[in-house]
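Quick note, the sequence shown lines up with residues 287 to 591 if you use the numbering used here.
Yeah, the Cβ is synthetic: ideal placement off N, Cα and C, and Gly gets one too.
Input: a single structure, listed below in structure tokens.
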Amino acid sequence: MDLDPETTLTLAGQNVDDTFNSVVAPLYQSAIFQFEDVGETKGFDYTRSGNPTRASLEETLADLDGGAGCYGGTERLFSHLADQGKLSVSYEDLSDRDALADAVRPETEALWVETPSNPLLRIVDLEALSAFADAHDLLLIVDNTFLSPLLQRPLDYGADLVAYSTTKYLNGHSDVVGGAIIARTEALAEELDFTANAHGTVAAPFDSWLVQRGAKTLPVRLRQHETNARAIAHFLDDHPHVERVCYPGLRDHPGHEIARKQQNGYGGMVSFFVDDDQVDVKEVLRSTQVFALAESLGGVESLIE
Numbered sequence: 287m288d289l290d291p292e293t294t295l296t297l298a299g300q301n302v303d304d305t306f307n308s309v310v311a312p313l314y315q316s317a318i319f320q321f322e323d324v325g326e327t328k329g330f331d332y333t334r335s336g337n338p339t340r341a342s343l344e345e346t347l348a349d350l351d352g353g354a355g356c357y358g359g360t361e362r363l364f365s366h367l368a369d370q371g372k373l374s375v376s377y378e379d380l381s382d383r384d385a386l387a388d389a390v391r392p393e394t395e396a397l398w399v400e401t402p403s404n405p406l407l408r409i410v411d412l413e414a415l416s417a418f419a420d421a422h423d424l425l426l427i428v429d430n431t432f433l434s435p436l437l438q439r440p441l442d443y444g445a446d447l448v449a450y451s452t453t454k455y456l457n458g459h460s461d462v463v464g465g466a467i468i469a470r471t472e473a474l475a476e477e478l479d480f481t482a483n484a485h486g487t488v489a490a491p492f493d494s495w496l497v498q499r500g501a502k503t504l505p506v507r508l509r510q511h512e513t514n515a516r517a518i519a520h521f522l523d524d525h526p527h528v529e530r531v532c533y534p535g536l537r538d539h540p541g542h543e544i545a546r547k548q549q550n551g552y553g554g555m556v557s558f559f560v561d562d563d564q565v566d567v568k569e570v571l572r573s574t575q576v577f578a579l580a581e582s583l584g585g586v587e588s589l590i591e
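Here's what the structure looks like:
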């Protein structure tokens, strides 16, 4: 049965407890699981390879994005691997097709894009970028952290992999550090699963439980995030000491029309530039009363940095 994404989140984790029929997904805080018989398990044997709590979250996230599978865990290794000579990375404006075409080399294997971008909320046309990637036989990987699968589903526009920091909107309570990657195909999902198992880069059961619990309120939180962000963006847009506001929900944002096409909303992030001659940026950061000076996003708190 095809369910609305909000219903999928509401039902997440139900019907996974065969012992007591708990409505809330149980927390299986165990590293090992007993075999039923020699070589026979109930689906799990060692938590690095698989855990019922994590599996429930993986299924939920894969369903939300329309993917074949989900790998919990994220690695920020580009620069580190490049320094070691194991990876070559270039950073390009992915909305500039001519520059992008010039940057592609015979050894290029993938494009990684963040849209909206952090921190300036630039928008990239995913459908056009996917066509470019297909034409050059490249994997397209999209970091969708700034929107969540409720506001944007990159796989629908041709992406091969979608990455999230589950710390942000998906968890929504700033008490988990984690990530997830959703794959378009079973083959990619199996490759990620093997790598995660081999390296041990998997989410702990309790972290998975917290993300699944937090994700149930994602639709309600996102609506309020966007309501608040719109109000703040319009306030800043009219402020005499603000030079520029970066929010795709504003009609004069250069990516507004593309965002309208591929997103179901504009999210809760706002960036802005102030007039340095009139405003001391540090004093702005120090003088906020509701906003905490901290680095993150997507939680119930209001943050500024």
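Distance, Cα to Cα, residue i vs residue j?
i      : j      : result
Glu400 : Gln564 : 32 Å
Pro338 : Arg537 : 45 Å
Phe306 : Tyr314 : 14 Å
Gly329 : Asp288 : 26 Å
Gly584 : Leu380 : 25 Å
Phe321 : Leu433 : 41 Å
Thr360 : Arg340 : The predicted model places Thr360 with a pLDDT of 33, which falls under 50 and marks its position as unreliable; any figure quoted below should be read in that light. Rounded to the nearest angstrom, the two C-alpha atoms are 15 Å apart.
Asp369 : Asp303 : 47 Å
Ala482 : Gly336 : 10 Å
Between which two residues does the beta strand (DSSP E) holding residue i run?
i      : result
Gly465 : Gly465 to Ala469
Asp303 : Run containing Asp303: none; DSSP gives neither H nor E here.
Leu407 : Unbroken run through Leu407: none, as it is neither H nor E.
Val567 : From DSSP, Val567 is part of no beta strand (DSSP E) but of the alpha helix (DSSP H) over Val567 to Ser573.
Ser557 : Ser557 to Val560
Leu447 : Leu447 to Ser451
Arg499 : Careful: Arg499 lies outside any beta strand (DSSP E), inside the alpha helix (DSSP H) at Pro491 to Ala501.
Taking residue i as the reference, give the member of the options with the closest Cα.
i      : options                           : result
Pro309 : Phe321, Arg499 and Val528         : Per the sequence shown, residue 309 should be read as Val rather than Pro. Out of Phe321, Arg499 and Val528, Arg499 has the C-alpha closest to the C-alpha of Val309.
Gly465 : Gln510, Ala475 and Val448         : Val448
Thr394 : Phe418, Arg334 and Gly554         : Phe418
Gly554 : Val506, Val528 and Thr574         : Val506
Leu579 : Gly458, Glu477, Ile467 and Leu589 : Leu589
Ser316 : Asp331, Glu326 and His485         : Asp331
Thr452 : Gln575, Pro435, Gly371 and Asp290 : Pro435
His422 : Gln438, Ala396, Pro405 and Leu407 : Ala396
With residue i as the anchor, note down where its alpha helix (DSSP H) starts and where it stops.
i      : result
Leu508 : Leu504 to Asp523
Arg340 : Pro338 to Asp351
Arg383 : Arg383 to Ala389
Kindly identify the DSSP beta-bridge partner or partners of residue i.
i      : result
Val462 : Bridge partners of Val462: none, in fact.
Trp398 : Ile427
Leu589 : Ala578
For the pair the stretch 459 to 473 and the stretch 484 to 496, tell me if three or more CB-CB distances fall below 8 Å.
Look at the beta carbons and you see the stretch 459 to 473 touching the stretch 484 to 496: at least three pairs across the two are nearer than 8 Å.
When the Cβ atoms of the stretch 377 to 387 are set against those of the stretch 515 to 533, are three or more pairs found closer than 8 Å?
The stretch 377 to 387, when compared against the stretch 515 to 533, does not touch it at the 8 Å Cβ threshold.
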